[in-house]
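To start, the structure itself, in structure tokens.
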Amino acid sequence: MQNSRSVSEPNLYSQRSQPHHIRIGVIGVGNMGQHHTRVLSSMKDVELVGVSDINVERGLETASKYKARFFENYCDLLPHVDAICVAVPTRLHYPVGINCLLAGIHVLIEKPIAASISEAESLVNAAAESQCILQVGHIERFNPAFRELSQVLKTEEVLALESHRMSPYSARGSDVSVVLDLMIHDIDLLLELAASPVVKLTASGTRSLDSGYLDYVTATLGFANGVVATLTASKVTHRKIRRLVAHCKNSFTEADFLNNEILVHRQTPVNPLIDQQKVLYRQDGLIEKVYTTNIQPLSAELEHFINCVRGGNQPSVGGEQALKALRLASLIEQMALEERVWNPLEWSSESRVQSLTEKNRIQAPSF
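For the sequence shown, the positions run 1 to 367 when the UniProt record's numbering is used.
Following this line, the structure appears as structure tokens:
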């Protein structure tokens, strides 16, 4: 995997830098769109121009609450803004996103970037051609616990990674499998942490709901650098869990994204305190608690987007990174349904694999 470019590095977007004051809108004010609207309405040097939603009552109520205009047709909002947040259902990411990019509008689109590989590729190409920012809402990249975890692991020899992302059932996100709804967050994080090509993959999953989509999936990845990663995601677990752990040569590190907590476990030398042949005290291990900030991930994500728009810099989670995550997510989804083992050496004999997100086909991915 290629390392993402530093956000401070100049690139082709620099000529599209915007004035200090940024005009922005939100398309889709359901659950996530409401949060975007709330945060944007209070950001400095940002004008929340308007919102758009197919639910007119909800759109009008949101616009009134945050003192913005309501646009029943999102296309009517575009001439009034420099940037847009797209928080519509996954199946609409492509048609809405492509129209915004073709109109010369900078776009932050919720994850996954699109419902299919071909749609995602078109969005990435459109952003490059229009010289617009395309940022994708992989919000956990901005979680302070993940940011600190990344720093901790830079000084460790990582052997294996584990992620657990579990939730009780919710109607939200029911239009896609648990892989595209939840696991894709951790796919993105693990690709970033491992920083190495995926060379082996196994996956299994189950359906327990009536949606027809996988709602519990476990996948194991093998990376070229020897790191092994296990991911588990569930929509049917009666407890909410957001956890990532790293097994390292000299430590064991736990990151709890819900509670914004990182614990590093280390063994200590066995030097017991002995008195008259009796062990009075022994330290079996050391636990370090890593300091994390209280910055809200969504606020950090939106500030990063605004700064990229204002300065013309490439986002840390742009279309290319999101496309890699989607390619791997689609493959995990396929393997979970077929209960097969994927090996890149064998993959070369298969020219294509069917995407489960729509009836088109995708080329063999590289990560």
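In this text, a Cβ means the ideal position worked out from N, Cα and C, and glycines have one as well. Computed from a predicted structure; not experimentally measured.
Report the three-state DSSP secondary structure of residue i (helix, strand or coil).
{"i": "F146", "result": "helix"}
{"i": "Q314", "result": "coil"}
{"i": "G285", "result": "coil"}
{"i": "H164", "result": "strand"}
{"i": "T232", "result": "strand"}
{"i": "F305", "result": "helix"}
{"i": "A115", "result": "coil"}
{"i": "V49", "result": "strand"}
{"i": "T292", "result": "coil"}
{"i": "I262", "result": "strand"}
{"i": "V152", "result": "helix"}
{"i": "A103", "result": "coil"}
{"i": "R243", "result": "strand"}
{"i": "H20", "result": "coil"}
{"i": "T237", "result": "coil"}
{"i": "A120", "result": "helix"}
Between the options, which has its C-alpha nearest residue i's C-alpha?
{"i": "Y213", "options": "L231, D186, D181", "result": "D181"}
{"i": "K289", "options": "N260, V107, N307", "result": "N260"}
{"i": "Y169", "options": "A336, L221, V178", "result": "V178"}
{"i": "H185", "options": "R165, V88, V199", "result": "R165"}
{"i": "R38", "options": "E61, I54, H20, V56", "result": "E61"}
{"i": "E156", "options": "N73, G50, A246, I187", "result": "A246"}
{"i": "H80", "options": "T230, I306, F71", "result": "F71"}
{"i": "E140", "options": "N307, E320, E301, Q314", "result": "E301"}
{"i": "residue 371", "options": "H35, D256, L40", "result": "Outside the shown range of the chain (1 to 367) lies residue 371, about which nothing can therefore be said."}
{"i": "E338", "options": "S316, T237, A203", "result": "A203"}
{"i": "L159", "options": "Q314, T230, R243", "result": "T230"}
{"i": "S122", "options": "L102, H106, H138, D215", "result": "L102"}
{"i": "T206", "options": "A128, S234, M183, T268", "result": "S234"}
{"i": "L331", "options": "I105, I98, A219", "result": "A219"}
{"i": "S42", "options": "K111, S299, D175, V96", "result": "S299"}
{"i": "V136", "options": "N143, H304, L149, K111", "result": "K111"}
With 16 as the cutoff for other CB atoms within 10 Å, does residue i come out buried or exposed?
{"i": "L258", "result": "exposed"}
{"i": "T292", "result": "buried"}
{"i": "C75", "result": "exposed"}
{"i": "V353", "result": "Any reading at V353 needs caution, since the residue's pLDDT is 33, under 50, leaving its predicted position unreliable; the model's value is listed next. The residue in question, V353, is buried, as its Cβ has 16 or more Cβ neighbours within 10 Å."}
{"i": "D210", "result": "exposed"}
{"i": "L193", "result": "buried"}
{"i": "P315", "result": "buried"}
{"i": "I362", "result": "With a pLDDT of 34 at I362, under the threshold of 50, the predicted position of this residue should be treated as unreliable, though the coordinate-derived value follows. Result: buried."}
{"i": "E57", "result": "exposed"}
{"i": "E119", "result": "buried"}
{"i": "I187", "result": "buried"}
{"i": "A171", "result": "exposed"}
{"i": "N125", "result": "exposed"}
Give the straight-line distance between the Cα atoms of residue i and residue j, rounded to the nearest whole angstrom.
{"i": "I109", "j": "P297", "result": "15 Å"}
{"i": "R310", "j": "I113", "result": "22 Å"}
{"i": "G33", "j": "S52", "result": "10 Å"}
{"i": "V264", "j": "G285", "result": "10 Å"}
{"i": "D45", "j": "E320", "result": "28 Å"}
{"i": "I84", "j": "N31", "result": "17 Å"}
{"i": "R147", "j": "V227", "result": "20 Å"}
{"i": "I306", "j": "R23", "result": "10 Å"}
{"i": "H35", "j": "Y66", "result": "11 Å"}
{"i": "T237", "j": "S208", "result": "11 Å"}
{"i": "I54", "j": "V88", "result": "10 Å"}
If you follow the alpha helix (DSSP H) that residue i is in, where does it begin and where does it stop?
{"i": "S41", "result": "31 to 41"}
{"i": "D186", "result": "184 to 194"}
{"i": "G319", "result": "319 to 338"}
{"i": "K65", "result": "56 to 65"}
Hey, could you find the ends of the beta strand (DSSP E) residue i is sitting in?
{"i": "Y216", "result": "216 to 223"}
{"i": "G212", "result": "First-last for G212: undefined, no H or E at that position."}
{"i": "V176", "result": "Where V176 is concerned, there is no enclosing beta strand (DSSP E), given that its DSSP letter is neither H nor E."}
{"i": "F70", "result": "69 to 71"}
Return yes when the C-beta of residue i is under 7 Å from any heavy atom of the ligand ATP, and no when it is not.
{"i": "K240", "result": "Although the ligand ATP was asked about, the structure shown includes no ligands whatsoever."}
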